[in-house]
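Peer 1: Residue numbers (this note's numbering): 2 to 812.
All C-beta atoms, glycine included, are put in the ideal place defined by N, C-alpha and C.
Values in this document were obtained by computation on a predicted structure and should not be read as measured data.
Attaching a single structure in structure tokens format; questions to follow.
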């Protein structure tokens, strides 16, 4: 309570602090000394990441911006047909800039060309900033932008950064979606409002401790009053055709800003598998080999919707409401399996088929309420979040068994009904205090609660009569309750030579999981501290060195903790593990950037304490009493996981119309744990490399192309060796219809080397697998943009509204 009182008094003192207010004024003229009316005057912070104030000139070209603190600003003056004027302003008192003359733009007004810029990449001590605003990448969707972002790898539904699954934020607001739902949302969301992607490899204490790596999608703050929209459609031909269509709309006036993205997709996706499990006897010699040939198909219809509403109450207060929604009313999952069983001499013994048909229904709705209040010095931000998630699956499995002569013996069948209902509540308060021109202090508190109710009911079915009998052994219900209380403090300082960011976060976690049928209770109660620090020294404008460290946590999910056993067929099962504990990760990096961000070299080290991984475990029980050949997929904590390596990254323009991004990483992963028969230790050196080329063609830069190769060498994942893979994608876009329309064409997995081959060989575990995923496709898309009109037609109203609107922009 004392700490709470001290924190409250500190916030009160800061909010009541007195700060001297100044103004910037001046007059905007053209080259002929004529006044320019309606010119935009915008004041940014020093790195131009935030718009602080703005106004427009009156009929005499005069402007004034009031209520500015003593600080350093970037002032920009712009008007159509003229070159943008930019000036750095060190404000220590009210400043009269006298007269500013705007130079004519090179293009004539009746032949205005939209300049398409190239993406830029900037390396900071704790992150990579990939700026794509006004580049060809904004013509696609958010997922395509992530695929083009340096350091980000999209493998099916999984997004990874340096072998880690990042936490995704949009404008610093966490997206609480599963990896599959997140992909659906990103693929259905237009990228035309994205400013940049921040790959934050060392997040500050302001982020949750689970955020070991953060992908923060920064949306641009459009200052143009009016309306704009777009419609888009895509056709994808893989093994089967897929379709999606969507629409995006943006509206803004002086008081509100609103945007909405909607997308509908209809997919059928194929996946093949060829797996071999060698079941061993007591001397670890092969007793039986089971080869499973599997064909999987999924049919789905998905609706995704994301919205954002901002209400600019006044200069100091902004209220925002945003939501992300995924609704899947139709999802059918079919698995057809044929398993051949042979002896050590490859002689046929028997076989069985297993047909698995599932039908799912799912929705996920997340809502954020955000309120920001600017104090005399600093700001307070409150965020409230709510997610509701519901998932239902009805599964039917039929197996047929055949003898050594391939004659039918018998059949077995079972049905499964599974349900999950999850609700997430979170609230946080963040306080930001600029200490001086180059440093800032942040502090905040957060609380969150996850409640999940799930159940599974399995029924044995008589194949002849269809009669169902409840299987109590494989039926259960599970209640999960997780509460987290967090507080943090963070300090950042940036000078010409030094950049420093250091913080400390504390999180108290209380978890209780109850299996209702077995009365098994899993509880966890712990307080942990999570420090982070980043420091960068700029030797010159062309060279710098940096280092950072962060401790983070990965908590086991409720789906991993519940004790359910979900059968794919009678011999393959997915099991929960109520004994899982969190993973704590220590991550350290040292690096240097050379030749003005042309080349970055890093060395890193990661230590995972209790790394969680889902692994296949085969049961080789064979004796005179029973034979139980079963493969169980279960998540476990490893005793030791260490990763270290070296990264080399470059990003440069070969010509004005050709840019290259390249990275190569050499890294080693070592894993060790005891499965009850002594320790198993494996380690492997691997390579990860990317080569991305971006081109711009034609005089008006309306034709763009990108070709990306990603090499993922043989690597170790959860005691499985994953063989070499090559990811490839060619994307082409062409602006048409006076640049209001965009045609796009992309081709994926050109060399058919993206499928994964895995192998397991340690102690009494001996298996291999090949997964033929539907990654080879051709995608044709079209987007049409419209709108971009002013809301008022009366000249006097336009003048007043624009000035008032720009004056109110300070968020």
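Rounded C-beta distance between residue 533 and residue 203? I'm assuming under 8 Å.
Peer 2: Residue 533 to residue 203, Cβ: 6 Å. Contact.
Peer 1: Between the alpha carbons of residue 218 and residue 554, how many angstroms are there, rounded?
Peer 2: About 22 Å.
Peer 1: Taking the CB atoms as reference points, tell me whether residue 269 and residue 236 lie closer together than 9 Å.
Peer 2: Result no, Cβ atoms of residue 269 and residue 236 do not sit closer than 9 Å.
Peer 1: How big is the Cα-Cα spacing for residue 828 and residue 665?
Peer 2: This structure does not reach residue 828, given that the chain is present from 2 up to 812, and the question cannot be answered.
Peer 1: Where does the unbroken alpha helix (DSSP H) through residue 542 begin, and where does it stop?
Peer 2: First-last for residue 542: undefined, no H or E at that position.
Peer 1: Using only the alpha-carbon positions, how far apart do residue 759 and residue 723 sit?
Peer 2: Looking at the two C-alpha atoms, the distance is approximately 5 Å.
Peer 1: Based on the DSSP secondary-structure assignment, which residues constitute the bridge partners of residue 35?
Peer 2: Looking at the DSSP assignment, residue 35 forms no beta bridge with any residue, so it has no partner.
Peer 1: Tell me, please, which residues DSSP counts as bridged to residue 261.
Peer 2: Beta-bridge pairing links residue 261 to 250 and 308.
Peer 1: Take residue 738 as the anchor and find which of 783, 264 and 177 has the nearest alpha-carbon.
Peer 2: Residue 738 has its Cα closest to that of 783, out of 783, 264 and 177.
Peer 1: From residue 528 to residue 584, what distance separates their C-alpha atoms?
Peer 2: About 14 Å.
Peer 1: Mind checking whether residue 120 and residue 95 have CB atoms under 9 Å apart?
Peer 2: Not a contact, by the Cβ cut-off of 9 Å.
Peer 1: Using alpha carbons as the reference points, say which of 620, 438 and 337 lies closest to residue 274.
Peer 2: Of 620, 438 and 337, the residue nearest in Cα terms is 337.
Peer 1: Tell whether a beta-carbon distance below 9 Å holds between residue 391 and residue 423.
Peer 2: In this structure, residue 423 lies closer than 9 Å to residue 391 by Cβ.
Peer 1: Label residue 672 either buried or exposed according to how many other C-beta atoms from any shown protein chain fall within 10 Å of its C-beta, with 16 as the threshold for buried.
Peer 2: That one is buried.
Peer 1: Apart from the five residues on each side of it in sequence, which residues of its chain come closer than 8 Å, Cβ to Cβ, to residue 498?
Peer 2: If we look at residue 498 and ignore the five residues flanking it on each side, its Cβ neighbours are 538 and 539.
Peer 1: With 16 other CB atoms within 10 Å as the buried threshold, where does residue 596 fall?
Peer 2: Under this definition residue 596 is an exposed residue.
Peer 1: Name the one or two DSSP bridge partners that residue 470 has.
Peer 2: Bridge partners of residue 470: 461.
Peer 1: Ordered along the chain, which non-local residues of its own chain (more than five positions away) have a Cβ less than 7 Å from that of residue 409?
Peer 2: So the qualifying residues of the chain are 401 and 403.
Peer 1: Give, in chain order, every unbroken run of the beta strand (DSSP E) that is at least 3 residues long and sits entirely within the stretch 559-632.
Peer 2: Runs found: 566-570, 573-576, 584-595, 600-610 and 613-623.
Peer 1: Note down, in chain order, each residue of its chain lying with its Cβ closer than 7 Å to the Cβ of residue 72, except the 5 sequence neighbours on either side.
Peer 2: For residue 72, where only same-chain residues beyond five positions count, the Cβ hits under 7 Å are 92 and 438.
Peer 1: Sort 28, 568, 542 and 321 by Cα distance to residue 457 and report the nearest one.
Peer 2: Ranking 28, 568, 542 and 321 by Cα distance to residue 457 puts 568 first.
Peer 1: Measuring only the C-alpha atoms, how far is residue 212 from residue 589?
Peer 2: Roughly 15 Å between the two C-alpha positions.
Peer 1: Would DSSP call residue 513 helix, strand or coil?
Peer 2: It is a strand residue.
Peer 1: Can you check DSSP and say which residues form a bridge with residue 123?
Peer 2: According to DSSP, residue 123 bridges with 130.
Peer 1: For residue 648, count neighbouring Cβ atoms within 10 angstroms of its own Cβ and tell me buried if that reaches 16, exposed if not.
Peer 2: So residue 648 counts as buried.
Peer 1: By Cβ distance below 6 Å, which residues in the same chain neighbour residue 728 in space, the five residues on each side in sequence not counted?
Peer 2: Correct list, in chain order: 711 and 755.
Peer 1: Based on the DSSP secondary-structure assignment, which residues constitute the bridge partners of residue 741?
Peer 2: In the DSSP output, where bridge partners are listed per residue, residue 741 has none listed.
Peer 1: Looking at residue 29: is its Cβ nearer than 9 Å to the Cβ of residue 78?
Peer 2: Result yes, Cβ atoms of residue 29 and residue 78 sit closer than 9 Å.
Peer 1: Among the candidates 372, 717, 690 and 304, whose CA atom is the shortest distance from the CA of residue 684?
Peer 2: The shortest C-alpha separation from residue 684 is found at 717.
Peer 1: With a 10 Å radius around its C-beta and 16 neighbouring C-beta atoms as the bar for buried, classify residue 680 as buried or exposed.
Peer 2: Classification of residue 680: exposed, given that the 10 Å Cβ count is below 16.
Peer 1: Please state whether DSSP places residue 182 in a helix, a strand or coil.
Peer 2: In this structure, residue 182 counts as helix in the three-state DSSP scheme.
Peer 1: Keeping to the same chain, check which residues put their C-beta closer than 6 Å to that of residue 276; ignore five residues upstream and five downstream.
Peer 2: For residue 276, where only same-chain residues beyond five positions count, the Cβ hits under 6 Å are 293 and 770.
Peer 1: Please determine whether the Cβ atom of residue 767 lies at a distance below 8 Å from any heavy atom of the ligand ADP.
Peer 2: Ligands in the displayed structure: none, and consequently the ligand ADP is not present.
Peer 1: Residues in the same chain with beta-carbon distance under 6 Å from residue 419, minus the five sequence neighbours each way, listed in chain order, please.
Peer 2: 394 and 457, listed in sequence order.
Peer 1: With distances taken from CA atoms, which of 445, 447, 633 and 414 is nearest residue 460?
Peer 2: Ranking the options by Cα distance to residue 460, first place goes to 414.
Peer 1: Give me, in chain order, the residues of the same chain whose beta-carbon lies closer than 6 Å to that of residue 61; leave out the 5 immediate sequence neighbours on both sides.
Peer 2: Taken in chain order, the residues that qualify are 36.
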